[in-house]
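Under full-length UniProt numbering, the first residue of the sequence shown carries the number 1, and numbering increases by one thereafter.
Comments concern the structure below.
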Amino acid sequence: MKYVSYWHDTAPAFAGAVQGLVEGHYDVAIIGGGFTGLGAARQLAKAGAKVVVLEAERVGWGASGRNGGHLNNGLAHSYLTAKKELGKERAIALYKALDDSIDTIEALIAEEGIECNFRRAGKLKLASKPQHFETIARNFEAVNAEVDADTALLRAHELKDEVGAPFFGAMLSKKSAMMHMGRYVVGLADAASRHGATIFEHAAVTGHRRAGGRHELKTARGSVTADQVLVATGAYTPSAFGYFRRRIIAVGSFIIATRPLTAVEVEATMPGNRTCVTSKNIGNYFRLSPDNRLIFGGRARFSATSDQRSDARSGAILKASLAEIFPQLANVEVDYCWGGLVDVTKDRYPRAGYQDGVWYAMGYSGHGAQLSTHLGMIIADAILDRPDRNPLKGLDWPAVPGHFGKPWFLPLVGMYYKMLDRIQ
1 MKYVSYWHDT
11 APAFAGAVQG
21 LVEGHYDVAI
31 IGGGFTGLGA
41 ARQLAKAGAK
51 VVVLEAERVG
61 WGASGRNGGH
71 LNNGLAHSYL
81 TAKKELGKER
91 AIALYKALDD
101 SIDTIEALIA
111 EEGIECNFRR
121 AGKLKLASKP
131 QHFETIARNF
141 EAVNAEVDAD
151 TALLRAHELK
161 DEVGAPFFGA
171 MLSKKSAMMH
181 MGRYVVGLAD
191 AASRHGATIF
201 EHAAVTGHRR
211 AGGRHELKTA
221 RGSVTADQVL
231 VATGAYTPSA
241 FGYFRRRIIA
251 VGSFIIATRP
261 LTAVEVEATM
271 PGNRTCVTSK
281 NIGNYFRLSP
291 DNRLIFGGRA
301 RFSATSDQRS
311 DARSGAILKA
321 SLAEIFPQLA
331 NVEVDYCWGG
341 LVDVTKDRYP
351 RAGYQDGVWY
361 AMGYSGHGAQ
371 LSTHLGMIIA
381 DAILDRPDRN
391 PLKGLDWPAV
401 PGHFGKPWFL
411 PLVGMYYKML
421 DRIQ
């Protein structure tokens, strides 16, 4: 078994990183070489801006290369909950932004010629209990009528051609997609570099100060100055940006990938070949890879760490969950096991805008793969003084009480959600 991300291990290396000293003055400095930062860098560079990307490891090293490979439209919450909490207008705007984000990725892939197995697969929100289907059905009625007609409600008997496991029905979101995340992020970095962006890897930002109307960003390899800064680091935000660290909860998410399944196993397990998400609070998500592995993930443990020992413990939990959902795969070999950090906000809505002299986009709360490229491009347009398309502008973002960077409270949160799953 390899304790590395399947996306990292099966993607080409990015060859466009600039070597040598980190130096120079730029119009915009972007911290973070994931989907958000690279999407913004490409947009800025195409407009003629002099832009630099400072990545602590290598492009796509963080959440952009450690996720489940889903591009799901719809919100982290139910649409009904979002309407209640945000109001109908903003809930619709945010829902449509997620729709638009998949369109953006599809168009970008075509324009830049990125080979990453993009496919409009559709997403199934699967009811793990009968009462969950009732909740899903109520949400479907509102979504279908008010914001997304490309949805359908499937009863339990209609799932036999979709997924080889006993669920109680599902909502199908037809616009959702999937792709190879590693190939996409390298292709996005190649595109940003080709349009003129300077990308430094292994250039973690260790300091930030403003002087003379400019920003100075320090790394172990040198320093750059810039007129504008975009922080696109999510759960990996450096300590120099305390405002965001007090508002982002870094939660571990863990994934396993089986050996390639046979045609018979695929037909018995995932005949519909869609992205799937279960309805429990501590649920699971899964899909087939381009080479027919089952990629199966979830919040196996409520942890803010992800190393090989942590990943191995979580992998064992995930394999047990996989066997519970798909008994026919109970003994299937697991080839990959990995983890990563997800940038979660207290209310699980993302945030983007301008604060404390810097631009930012983060807090995707498990929905970043689809939204981040799009939101990075929207913030880039704001930096360029183009029309403001930010669906999150003006959304209040209070700090998490008692949180200063290390989420000590995660085990308590995990216990709470496990209790809810038992009684709901």
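All C-beta atoms in this analysis are idealised placements derived from N, C-alpha and C, irrespective of residue type, glycine included.
All figures in this text were calculated on a predicted structure; none of them were measured in a lab.
Cβ pair residue i, residue j closer than 8 Å
i	j	result
ASN117	GLN370	no
GLY69	ILE248	no
ILE199	VAL59	yes
ASP227	ARG214	yes
LEU230	VAL266	no
GLU23	VAL224	yes
ALA235	LEU38	no
MET178	ALA93	no
ALA312	TYR3	yes
TYR243	GLN355	yes
Integer Cβ distance of residue i from residue j, believed to fall under 8 Å
i	j	result
GLY272	ASN284	Not really, about 16 Å apart at Cβ, beyond 8 Å.
LYS123	ARG274	6 Å
HIS132	SER279	4 Å
THR233	ILE379	Wrong, their Cβ atoms sit about 13 Å apart, outside the cutoff.
Residues that residue i bridges to, as DSSP identifies them
i	result
ASN284	GLY298
TRP359	LEU230, TYR354
GLY207	LYS218
SER173	LYS123, THR151
GLY48	GLY48 is not bridged to any residue.
LYS2	TYR336
SER223	LYS218
VAL266	Answer is none; VAL266 lacks a bridge partner.
HIS157	None, per the DSSP bridge assignment.
LEU54	ILE31, PHE200
HIS70	MET178
Collapsed DSSP secondary structure at residue i in the structure displayed
i	result
GLY65	helix
ALA29	strand
PHE140	helix
LYS218	strand
ASP381	helix
VAL277	strand
ALA257	strand
PHE409	Residue confidence is low: PHE409 scores 46 on pLDDT, short of 50, so the model does not pin down where it sits. Its coordinate-derived value is still stated next. PHE409: coil per DSSP, three-state reduction.
PHE244	helix
GLY252	strand
LEU21	coil
LEU341	strand
ILE199	strand
LEU375	helix
Among the options, the one whose alpha carbon lies nearest that of residue i
i	options	result
SER253	PRO398, VAL344, GLU265, ALA232	VAL344
ARG138	SER128, LEU153, ASP190, LYS129	LEU153
PHE241	THR262, HIS208, ALA250	HIS208
LEU44	TYR26, ILE109, TRP61	TYR26
ILE102	VAL53, LEU375, PRO327, LEU384	LEU375
ALA149	ASP99, GLY62, GLU112	ASP99
GLY196	ALA41, GLY353, GLY368	ALA41
Proximity test, residue i beta-carbon vs the ligand FAD heavy atom, cut-off 7 Å
i	result
PHE140	Looking for the ligand FAD in the displayed structure turns up nothing, as the structure carries no ligands at all.
Residue-level contact to chain D via CB, residue i, 8 Å cutoff
i	result
PHE200	Among the protein chains of the structure shown there is no chain D, as only one such chain exists.
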